[in-house]
Amino acid sequence: MEIKLVIFNIKDDKNLAREAILEAGKIAKKYFSKEIKQWDKSPNNPVTEVDYAVNDSLALSLRNNRISYGWLSEESEDDSQRLNKNYVWTIDPIDGTKAFIEKKPEFTISIALVHDSKPILGLVYNPITEELFEAEIGNGSYLNGKKIQVSNNTSLSRGNFLGGKKFLSNKKNIFSHAKFSFIGSIAYRMALVAKGEYDGTITLSNKSDWDIAAGNLIVEEAGGKVTMKNGEGIQYNKKNILHPNLIVANSVIHRKIIDLIK
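So, in structure tokens, the structure goes:
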């Protein structure tokens with residue numbers, strides 16, 4: 038029997054991921070106005086039937102069409118075989134589950150394709166606002182087909198930031214004149230920084246690969262920087278997928294934040 042070798046390219050993967058995320062968005066949107074079943078995976082860490090339904094939809098589209106790729110999703114059991122794969126889908130079916138439960142249109146679906154510890158493709162989709170953020174390595178970032186870039190603000194005191202709850206409850210006085218807001222989905226926060234709507238986002242709590250991989254690429258391709266507070270970049274698809282903190286901003290603001298909080 039003849040065995041055919043099928044080779045995919047990043048354009049094929051991007052088209053596949055776009056179709057998958059838009060289809061998954063239809064599922065999330067259908068549930069958004071309904072009462073939904075929910076459980077606690079751990080204290081203060083809810084999961085809903087929507088998380089699982091979206092995860093199943095994405096798996097059907099992405100895993101079945103790229104059987105040689107690894108898979109890492111918040112709502113799937115971690116398969117260590119991903120560590121041996123050249124390409125790994127990194128998925129958060131619903132980033133911002135609490136917002137979804139509270140019927141706030143601030144949740145997103147996040148898809149990244151990771152290669153050699155770095156995202157090479159990233160999509161973040163808010164199906165309620167119909168914002169689709171996309172980035173392909175070396176080709177810029179886009180919102181609904183229009184190129185985006187980070188803000189050019191260089192002043193912390195005039196800054197408009199998004200923060201995680203832990204940071205907002207402990208932020209230093211030096212930030213007292215800056216404006217801070219909270220959005221639960223870190224992927225959405227990162228995408229809004231890439232868009233230039235906010236100057237940066239800071240989180241001091243653990244984030245997993247699936248939370249930030251897509252947003253990482255979207256921000257960097259929009260001209261921004263994404264590191265931990267020690268200034269080091271993020272490595273993905275490692276055995277330990279947790280990252281203790283995250284600083285996201287344009288390069289000037291990023292440097293100023295690092296200098297202040299390290």
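Per the numbering used here, the sequence shown starts with residue 38, numbered consecutively.
Don't be surprised by glycine CBs; every beta carbon is placed ideally from N, CA and C.
None of these values were measured; they are calculated from a predicted model.
- When DSSP states are grouped into helix, strand and coil, alanine 65 belongs to the helix group.
- Three or more Cβ pairs drawn from the segment 240 to 252 and the segment 154 to 173 lie within less than 8 Å of each other, which places the two stretches in contact.
- Under the Cβ criterion (8 Å, minimum of three pairs), the segment 100 to 113 does not count as touching the segment 187 to 196.
- Its Cα nearest to that of tyrosine 225, the residue Leu169 stands out among Leu169, Pro80 and Leu241.
- Taking a contact as a CB-CB distance under 8 Å, the pair valine 285 and glycine 233 does not count as one, their CB atoms being some 13 Å apart.
- Under the 10 Å beta carbon count, asparagine 274 is surrounded by 16 or more other beta carbons and is classified as buried.
- If you check the CB distance, leucine 109 and valine 125 come in under 8 Å.
- Put simply, of Ala259, Leu59 and Leu283 the residue whose alpha carbon is nearest the alpha carbon of lysine 266 is Leu283.
- Sequence-distant partners of glycine 182 (beyond 5 residues in either direction) whose C-beta falls short of 6 Å from its own C-beta are missing from its chain.
- Distance between proline 164 and glutamate 269, taken at the CA atoms: about 32 Å.
- Going by DSSP, serine 288 is part of no beta strand (DSSP E) but of the alpha helix (DSSP H) stretching over 288 to 298.
- Alanine 231 is a Cβ neighbour of isoleucine 185, given a cutoff of 8 Å.
- CA-to-CA, the gap between threonine 240 and isoleucine 73 works out to about 29 Å.
- Pairing isoleucine 255 with methionine 227, the inter-Cα distance amounts to about 8 Å.
- Residue pairing of valine 91 in beta bridges, as defined by DSSP: absent, with no partner found.
- Cα atoms of aspartate 129 and histidine 152: separation of roughly 17 Å, rounded to the nearest angstrom.
- For the options Val187, Asn277 and Lys293, the alpha carbon positioned closest to that of serine 117 is the one of Asn277.
- In the structure shown, leucine 241 adopts coil according to DSSP, grouped into three states.
- Secondary structure note for tyrosine 124: its beta strand (DSSP E) is the uninterrupted segment 124 to 132.
- In this structure, DSSP gives serine 98 a helical state, which the three-state scheme calls helix.
- In terms of CA proximity to aspartate 115, Asp246 leads the group His280, Asp246 and Glu258.
- By DSSP's assignment, alanine 54 forms no beta bridge with any residue.
- Within the segment 130 to 174, the complete beta strand (DSSP E) segments of 3 residues or longer fall at 145 to 152, 155 to 163 and 168 to 173, listed in chain order.
- Look at glutamine 118 here: in three-state DSSP terms it is helix.
- Contact between alanine 57 and leucine 95 is confirmed by a C-beta separation of about 5 Å, below the 8 Å threshold.
- The C-alpha of phenylalanine 144 lies about 12 Å from the C-alpha of leucine 229.
- By the neighbour-count definition (other C-beta atoms within 10 Å, threshold 16), phenylalanine 198 is a buried residue.
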